[in-house]
Structures are given as structure tokens and as C-alpha cells.
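In our numbering, the protein residues as written are 37 to 272.
All residues carry an ideal CB built from backbone N, CA and C; glycine is no exception.
Contents: one structure, followed by commentary.
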Ligand SMILES: NC(=O)c1ccc[n+]([C@@H]2O[C@H](COP(=O)([O-])OP(=O)(O)OC[C@H]3O[C@@H](n4cnc5c(N)ncnc54)[C@H](OP(=O)(O)O)[C@@H]3O)[C@@H](O)[C@H]2O)c1
């Protein structure tokens, strides 16, 4: 039986050698130009949510602030918590160990959903509840991405999800066969930095499945020698 899940579009920008860390790409002006492309072409998709890994959230969105842990009066059940029932757009953080701190329960106007594992402390859950940040549990100690994705569509009004890095979260989603489409901004940069993450990184502790064949849907040449590639994961 097919599980219920949102349509997942992985939207990324990479160098010609697949690397994704913009800090290695030279001038700040060029980096800002590429970031502008990333946002502009993100907006061409109609989606209700975007999802990133803990590292990306910390570096690019949460400002790296530390959570203020709070001791609850009673143990907290490992059940989903909805922090804002009226939210219509969402930022989803893959945060297995409950490390992220947030100023408030939204980032850039999108309500935050933390995807946790059951090992996260009650103190962290109490912190999220007090902030009004939603959370779900997917897996005991490792993230079960299938469960996460299906809960996102069961508990929230999410039909289309933009998967936006980094490489490790993308790799886990790829390995589980959960991606429907790839939107790749191919930048005119040959990076070459050793051990720098690429668009899809399957962590060593996961059982790597065979490589995935993609089907070209669209190619566009943009300004600044950037190429926009769109691929489908299923032939139709
Ligand atoms: N070029 C682009 O389009 C683009 C887009 C997004 C991000 N980025 C860049 O990518 C970099 C971060 O990439 P990254 O690959 O190092 O980190 P990431 O994918 O953002 O985050 C990885 C983290 O997610 C958590 N996680 C838990 N379970 C996981 C699982 N099964 N699979 C994968 N992750 C799991 C882990 O957090 P814990 O360590 O807490 O367990 C892991 O360290 C940043 O520098 C960011 O700026 C580039």
C-alpha cells in the first residue's frame, strides 16, 4: 500500500563538481548573487513547507542560539505537539538530538516543526512547548524519514515539501526513495575542496541503496552562466 506523503522537490545549488558549501566560492558578491537565484527559483514552486538538516538550520537560519532547557513538572509523552494550529507555511528542521535553539516559533514567517527522535530529553521538549514550536517524533535514536514525511502530511496542511539540504539530509531522503523531483541550479564554479559535502551524501552508518536514475524534465540557461536543471525521479 502506498503511504500518504507530500510531493517532495529537492531544490539545491551546486558547483559543477557537486559541492554545496558557498563559503568556498570566492567573492561575497557572487555568493549573494547565487543566493538570490536560489530564493528566486524556490519561489517558482508552490509549496507549503521547506526542510533542512540541523547543520544548515544552525548555520543559515537559527543563528546558532542555544536552547534554554526547562525542567517539566511531569514526564512528557513522546507524542506530536502542534504549536500553532493556524499556521499555513512551515520550516521543518531535522534535529535528531534536539540541539537547535530558536528565538521564536517561526523563521522568515514559516512556523517551525522540529523532527526529533524519542531519545530527546524532556527538558528540550518543555523548551519547545514553551516557545510554541511544533514537534514530531520519527525513530528511536536515528531519524526514520518515511515516518517523518508521512506524519508531516497527516498532521499539517503540507502537500508539497521543498527539501533544501544540506547534503546529508538530502542523501538520507534519497536513500529512502522519498524524493519526487530535483531542481538543481548548476553554478559556473569548479570547487575541488576535499571532503566538502555534495548535493547527496549518504552517511556511512546508513545502508547505501543503489544509485537513482533521474529523468530530465527541463533545462534553462539563466543569467551569470547558471543552468537550471529539473529532473523527475519517475519516468512518466
Ligand atoms: N548549496 C545549497 O543549495 C545548500 C543548501 C542547503 C545547505 N547548504 C549547506 O550545507 C551545509 C550543511 O550540510 P550537511 O550535509 O553538513 O548537514 P545537514 O544535512 O544540514 O544536517 C545534517 C544533520 O542532520 C541531522 N540528522 C539526523 N539524522 C540524520 C540522518 N539520518 N541523515 C542526515 N542527517 C541527519 C544530524 O544532526 P546531528 O548532528 O545533530 O545529529 C546531521 O548532522 C551548510 O554549510 C549549508 O550552508 C547548501
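| query | result |
| --- | --- |
| Can you check which of these residues, 129, 39 and 186, is closest to residue 169 by C-alpha distance? | 129 |
| Give me, in chain order, the residues of the same chain whose beta-carbon lies closer than 7 Å to that of residue 155; leave out the 5 immediate sequence neighbours on both sides. | 176 and 177 |
| Beta carbon of residue 189, beta carbon of residue 47: below 8 Å? | no |
| I think residue 45 touches residue 74, with their Cβ atoms under 8 Å apart; what is that distance to the nearest whole Å? | Wrong, their Cβ atoms sit about 13 Å apart, outside the cutoff. |
| What residue ranges within the stretch 188-245 form continuous alpha helix (DSSP H) runs of no fewer than 4 residues, ordered along the chain? | 203-211 |
| Counting C-beta neighbours from all protein chains within 10 Å, is the total for residue 131 16 or more, i.e. buried, or is it exposed? | buried |
| Residue 53 and residue 226 - do their beta-carbons sit closer together than 8 Å? | yes |
| Just to confirm the assignment, what range does the alpha helix (DSSP H) spanning residue 96 have? | Counting along the chain, residue 96 falls outside any alpha helix (DSSP H), and DSSP gives it neither H nor E. |
| Quick one: what does DSSP say residue 92 is sitting in, helix, strand or coil? | helix |
| What's the gap between the Cα of residue 208 and the Cα of residue 238? | 6 Å |
| Taking the beta strand (DSSP E) that residue 126 falls in, what are its first and last residues? | 126-130 |
| Tell me which residues share the same chain as residue 158 and place their Cβ nearer than 7 Å to its Cβ, disregarding the 5 neighbours each side in the sequence. | 108, 111 and 112 |
| Count the other CB atoms, across all protein chains shown, that sit within 10 Å of the CB of residue 84; report buried if there are 16 or more and exposed otherwise. | buried |
| Whose C-alpha, out of 265, 148 and 213, is nearest the C-alpha of residue 118? | 148 |
| Looking at the unbroken beta strand (DSSP E) that takes in residue 268, where does it start and where does it end? | 263-268 |
| To which residues of the same chain is residue 61 closer than 8 Å at the C-beta, ignoring the five residues directly before and after it? | 51, 67, 70, 223, 225 and 227 |
| Go ahead and pull the three-state DSSP assignment for residue 71. | helix |
| In chain order, what residues of the same chain have a beta carbon less than 8 Å from the beta carbon of residue 136, not counting five sequence neighbours either side? | 90, 93, 94, 98, 103, 129 and 150 |
| Suppose you measure from the CA of residue 39 to the CA of residue 77; what does that come to, to the nearest Å? | 29 Å |
| Starting from residue 152, trace the alpha helix (DSSP H) in both directions and tell me its first and last residue. | Residue 152 -> not in any alpha helix (DSSP H); beta strand (DSSP E) instead, spanning 146-152. |
| Considering only C-alpha positions, which residue in the set 133, 180, 88 and 187 is nearest to residue 143? | 88 |
| Please state whether DSSP places residue 170 in a helix, a strand or coil. | strand |
| Mind checking whether residue 265 and residue 236 have CB atoms under 8 Å apart? | no |
| Quick check: residue 43 and residue 105, are their CB atoms within less than 8 Å of each other? | no |
| Could you check whether residue 126 and residue 96 sit closer than 8 Å to each other, using their CB atoms as the reference points? | no |
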